[in-house]
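Note that the working numbering gives residue 1015 to position 143 of the sequence shown, counting from 1, and the numbers run on in steps of one.
Virtual Cβ for every residue (Gly too), placed ideally from N, Cα, C.
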Amino acid sequence: SDYKDMQQNLTLPGGPTGNQTVTGNVPGGALIKGIEVDGTFRVTDNFKLTGSVAVMDSKFRNFVANGVLGTAIVPFDYSANRLIYAPKFTASLGAEYTQPTSFGDIAANLGWRHISPYDQQLSAASLTPVLSGGNVTKVIVNGNDPRVRTTTQDLVDAALTFNFDLNSTKAYVRVFGRNLLNEQTTTHAFTVAGLWSFGMALEPRTYGATIGFKY
873 SDYKDMQQNL TLPGGPTGNQ TVTGNVPGGA LIKGIEVDGT FRVTDNFKLT GSVAVMDSKF
933 RNFVANGVLG TAIVPFDYSA NRLIYAPKFT ASLGAEYTQP TSFGDIAANL GWRHISPYDQ
993 QLSAASLTPV LSGGNVTKVI VNGNDPRVRT TTQDLVDAAL TFNFDLNSTK AYVRVFGRNL
1053 LNEQTTTHAF TVAGLWSFGM ALEPRTYGAT IGFKY
């Protein structure tokens, strides 16, 4: 995907609190390239395997926002920062087995998802000033703040579903477990300029049951 004339919210160094949140123009836009492969393999009539792999490379082009450095306004170059919510690598594997019964069928599902770390806000990890004649002419932003970056995630989910007929209605009872490895990271995070950082936690290991009807 080739995006032109974008706008992005970002945390910019400077201002009365040390940082400020602004909306910056990205005249060069961003380029996102990648490849994804998925497939299904039916081992038997009752047993199938699924899988997918995706690799993505994303980068900004000419992402410069003016900010305050000391008493001067200088350009801050965010071109090297990663796009947000853009993991470089994801993969998944799934297995499903269905066993017919006298009352309907029983389906067992097991799934694994791998998500590499990704940034959740455009911000500044560290700065490199560019000097000319002793004056700062530009500031290079060296990536996003690691406080708004996820960890590597390996998510394992499982479910057992009992499908049956209830009079003329199809019904099911399902027991499930999500995030069985109890991965701990954030799903959304941002820094409030000059004040604090906020994060929304990934759902912890969870067990439950549902009852449903299909009309």
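(message) With a threshold of 7 Å on Cβ separation, who are the neighbours of aspartate 977 within its own chain once the five nearest residues in sequence on each side are excluded?
(response) Thr970, Gln971, Asn1035
(request) Check whether the Cβ atoms of glutamine 880 and valine 898 lie closer than 8 Å to each other. (result) yes
(request) Assign arginine 1077 to one of three DSSP states: helix, strand, or coil. (result) coil
(request) Taking 8 Å as the cut-off, decide whether the C-beta atoms of glycine 923 and leucine 965 are in contact. (result) yes
(request) Give the C-beta separation of aspartate 929 and valine 1011 to the nearest angstrom, bearing in mind that I take them to be a contact with Cβ-Cβ under 8 Å. (result) Rounded, the Cβ-Cβ distance is 25 Å, inconsistent with contact.
(request) Name the residue from Val927, Leu941, Tyr1079 whose alpha carbon lies nearest to the alpha carbon of proline 959. (result) Val927
(request) Please classify aspartate 991: is it buried, with 16 or more other beta-carbons within 10 angstroms of its beta-carbon, or exposed? (result) buried
(request) Give the DSSP bridge partners of leucine 884, in chain order. (result) Gln892
(request) For valine 936, count neighbouring Cβ atoms within 10 angstroms of its own Cβ and tell me buried if that reaches 16, exposed if not. (result) buried
(message) Determine whether the beta carbon atoms of valine 1008 and leucine 941 lie at a separation below 8 Å.
(response) yes
(message) Tell me which residues share the same chain as arginine 1019 and place their Cβ nearer than 6 Å to its Cβ, disregarding the 5 neighbours each side in the sequence.
(response) Ser1069
(request) Please report the residue range of the beta strand (DSSP E) in which lysine 1042 lies. (result) 1041-1050
(request) State buried or exposed for alanine 1081, treating a residue as buried only when at least 16 other CB atoms are found within 10 Å of its CB. (result) exposed
(request) State the start and end residues of the unbroken beta strand (DSSP E) segment that holds serine 924. (result) 919-932
(message) Using only CA atoms, which one of Arg1050, Lys931, Pro1001 lies nearest to proline 947?
(response) Pro1001
(message) List, from N- to C-terminal side, the beta strand (DSSP E) runs of 3 residues or more that fit wholly inside the region 972-1018.
(response) 976-987, 999-1004, 1007-1013
(request) Report the three-state DSSP secondary structure of valine 915 (helix, strand or coil). (result) coil
(message) Suppose you measure from the CA of alanine 1073 to the CA of threonine 962; what does that come to, to the nearest Å?
(response) 20 Å
(message) Quick test of your reading: isoleucine 956 and leucine 994, contact by CB under 8 Å. State the CB separation rounded to the nearest angstrom.
(response) 6 Å
(request) Would you mind working out which of Asn1016, Pro885, Gly1015, Arg1021 sits nearest glutamine 1056, comparing C-alpha positions? (result) Arg1021
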